[in-house]
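See below for the structure under consideration.
Numbering (my numbering), first residue to last: 93 to 572.
Written out as structure tokens, the structure reads:
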């Protein structure tokens with residue numbers, strides 16, 4: 093009798109495992125079918141990457157200028173020539189008709205959750221992204237992108253978020269000691285991660301070990317400031333950029349909006365030649381949450397967010413900040429005041445020659461992939477930067493500070509043909525970049541109709557189960 097129940101138990105378990113496996117397989121098959129519009133095939137004409145763009149006004153971004161009535165030859169995905177003459181060549185001709193050609197945008201701080209987001213980035217003129225929270229599925233995305241199987245921005249990714257073992261939460265990987273740091277970074281390098289992400293709870297000894305191993309493995313560090321070390325401890329050669337202006341206030345200035353104390357922080361950036369990624373939009377989203385309450389879910393384009401992150405992440409942020417406001421009515425005023433100070437910090441950093449990188453933190457806290465970069469650029473303008481200076485933060489600056497983006501960021505001979513075609517000059521009105529007439533990604537020509545299709549395909553998508561499975565894979569990888 094006992095053996096009968098044991099057999100029944102194991103048959104039941106085996107059946108449940110089989111059902112679970114079949115469900116997972118079906119979910120990924122459906123996801124692959126739903127994102128087939130991003131596959132690069134002969135049938136959808138996305139293999140062609142050689143064109144002649146006639147009569148366009150080129151914004152090279154090498155300096156604040158527009159070069160009128162140029163002909164841009166793209167061959168095999170790269171810019172071969174820019175000239176007033178029309179070269180004799182047998183490629184498809186695109187009539188520019190006096191439109192404006194500028195570099196594709198680079199978002200230096202994103203969180204990618206599904207392939208549909210790649211379409212959203214391209215639809216908004218974003219042709220390169222630095223993913224700041226790496227998981228195993230990002231390596232597969234990167235492989236498909238690098239092998240020209242998947243239509244996507246240039247894609248690089250950090251490791252999982254590294255923190256001290258005593259501070260690790262479920263979404264972070266705790267580093268126990270220097271030996272553990274060495275093992276982890278060697279493992280991540282072998283897997284194919286490009287960069288290291290450090291997080292808020294890294295103590296000094298672990299921080300030193302991570303920086304040391306990152307240099308050994310040629311994996312620069314993207315630093316979310318740690319509260320376990322002084323802010324000035326982050327000005328190290330191994331660090332590619334320091335993220336989040338809000339952490340200048342919360343860490344370096346100890347929550348004080350102190351313009352005098354800020355001067356030392358700015359000078360530290362200058363002395364270290366350190367780049368900074370402000371991520372202003374996400375802090376503004378907190379204001380929008382409190383002011384708009386339930387409307388935030390529609391006014392901030394929740395239909396373009398990954399549904400799992402919308403349900404488990406953004407809604408939690410909504411509950412947190414509406415509760416904060418309820419229990420402390422001064423919350424909104426304080427956050428608005430700090431946001432204004434963030435703009436002041438950005439201007440001080442810029443005026444001192446610090447390289448600012450446009451990064452949005454897209455993918456979390458109601459921050460729409462692709463769309464958010466135009467908000468971020470708008471806040472740079474509000475801070476006092478000119479359109480040219482703001483546009484540099486999303487083109488030239490990341491291309492010089494992030495080695496893997498060196499071949500993009502300007503319109504020059506030899507660069508990757510990542511380009512945006514607009515009706516008018518973004519140096520006069522940067523918001524025109526929200527509505528590109530066409531985008532080129534590695535020379536592939538995406539017209540407005542296709543870009544609009546990308547938006548529609550991503551709208552209200554059903555990727556919840558696949559996202560949860562990808563999360564589960566990451567947790568298994570990190571903890572087992």
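Every residue gets a Cβ at the ideal spot worked out from N, C-alpha and C, and that includes glycine.
Beta carbon of residue i nearer than 9 angstroms to that of residue j
| i | j | result |
| --- | --- | --- |
| residue 382 | residue 417 | yes |
| residue 245 | residue 220 | yes |
| residue 133 | residue 139 | yes |
| residue 396 | residue 460 | yes |
| residue 253 | residue 316 | yes |
| residue 532 | residue 512 | yes |
| residue 502 | residue 451 | no |
| residue 251 | residue 303 | no |
| residue 543 | residue 214 | yes |
| residue 394 | residue 168 | no |
| residue 195 | residue 487 | yes |
| residue 559 | residue 398 | yes |
| residue 375 | residue 430 | yes |
| residue 458 | residue 377 | yes |
| residue 226 | residue 308 | no |
| residue 176 | residue 403 | no |
| residue 170 | residue 507 | yes |
| residue 447 | residue 379 | no |
Strand pairing of residue i, partner residues [DSSP]
| i | result |
| --- | --- |
| residue 167 | 170 |
| residue 49 | The shown model of the chain, from 93 to 572, leaves out residue 49, and the question about it has no answer. |
| residue 175 | 163 |
| residue 184 | 143 |
| residue 253 | 289 |
| residue 326 | Answer is none; residue 326 lacks a bridge partner. |
| residue 222 | 248 |
| residue 314 | 289, 333 |
| residue 506 | For residue 506, which the question treats as bridged, DSSP gives no partner whatsoever. |
| residue 284 | Answer is none; residue 284 lacks a bridge partner. |
Cβ neighbour criterion (16 or more within 10 Å) applied to residue i
| i | result |
| --- | --- |
| residue 564 | exposed |
| residue 179 | exposed |
| residue 347 | exposed |
| residue 421 | exposed |
| residue 434 | buried |
| residue 329 | exposed |
| residue 335 | buried |
| residue 142 | buried |
| residue 485 | buried |
| residue 283 | exposed |
| residue 554 | exposed |
| residue 125 | exposed |
| residue 210 | buried |
| residue 152 | buried |
| residue 280 | buried |
| residue 385 | exposed |
CB-CB length for residue i against residue j, believed under 8 angstroms
| i | j | result |
| --- | --- | --- |
| residue 223 | residue 230 | 6 angstroms |
| residue 131 | residue 147 | About 32 angstroms; that fails the 8 angstroms criterion. |
| residue 332 | residue 312 | 4 angstroms |
| residue 449 | residue 489 | 6 angstroms |
| residue 67 | residue 455 | Absent from the model: residue 67. The displayed extent of the chain is 93 to 572, so no value can be given. |
| residue 48 | residue 367 | With the chain covering only 93 through 572, there is no way to say anything about residue 48. |
| residue 216 | residue 465 | 6 angstroms |
| residue 500 | residue 111 | With 8 angstroms as the limit, residue 500 and residue 111 do not qualify as a contact, their Cβ atoms being about 46 angstroms apart. |
| residue 478 | residue 358 | Not confirmed; about 20 angstroms, so no contact. |
| residue 439 | residue 476 | 5 angstroms |
| residue 291 | residue 249 | With a Cβ gap of about 15 angstroms, residue 291 and residue 249 do not count as contacting. |
Own chain, CB closer than 7 angstroms to residue i, minus 5 neighbours either side, in chain order
| i | result |
| --- | --- |
| residue 256 | 266, 267, 293, 294, 295, 298, 320 |
| residue 115 | none |
| residue 437 | 337, 340, 354 |
| residue 165 | 144, 172, 173, 179, 181 |
| residue 561 | 116, 119 |
| residue 480 | 156, 519 |
| residue 529 | 191, 513, 514, 515, 540 |
Contacts around residue i, its chain only, beta-carbon distance under 6 angstroms, and the 5 residues preceding and following it disregarded
| i | result |
| --- | --- |
| residue 186 | 143, 145 |
| residue 524 | 514, 516, 518 |
| residue 161 | 147 |
| residue 260 | 266 |
| residue 240 | 132 |
| residue 473 | 482 |
| residue 349 | 433 |
| residue 204 | 223 |
| residue 552 | 395 |
| residue 364 | 327 |
Other residues of its chain near residue i: CB distance less than 8 angstroms, five sequence neighbours each side excluded
| i | result |
| --- | --- |
| residue 212 | 396, 460, 461, 462, 463, 546, 547, 550 |
| residue 277 | 251, 288, 302, 305, 306, 308, 309, 311 |
| residue 566 | 227, 228, 229, 252 |
| residue 505 | 171, 172, 173, 174 |
Minimum Cβ-Cβ distance from residue i to chain D less than 9 angstroms
| i | result |
| --- | --- |
| residue 147 | Here chain D cannot be found, since the structure has a single protein chain. |
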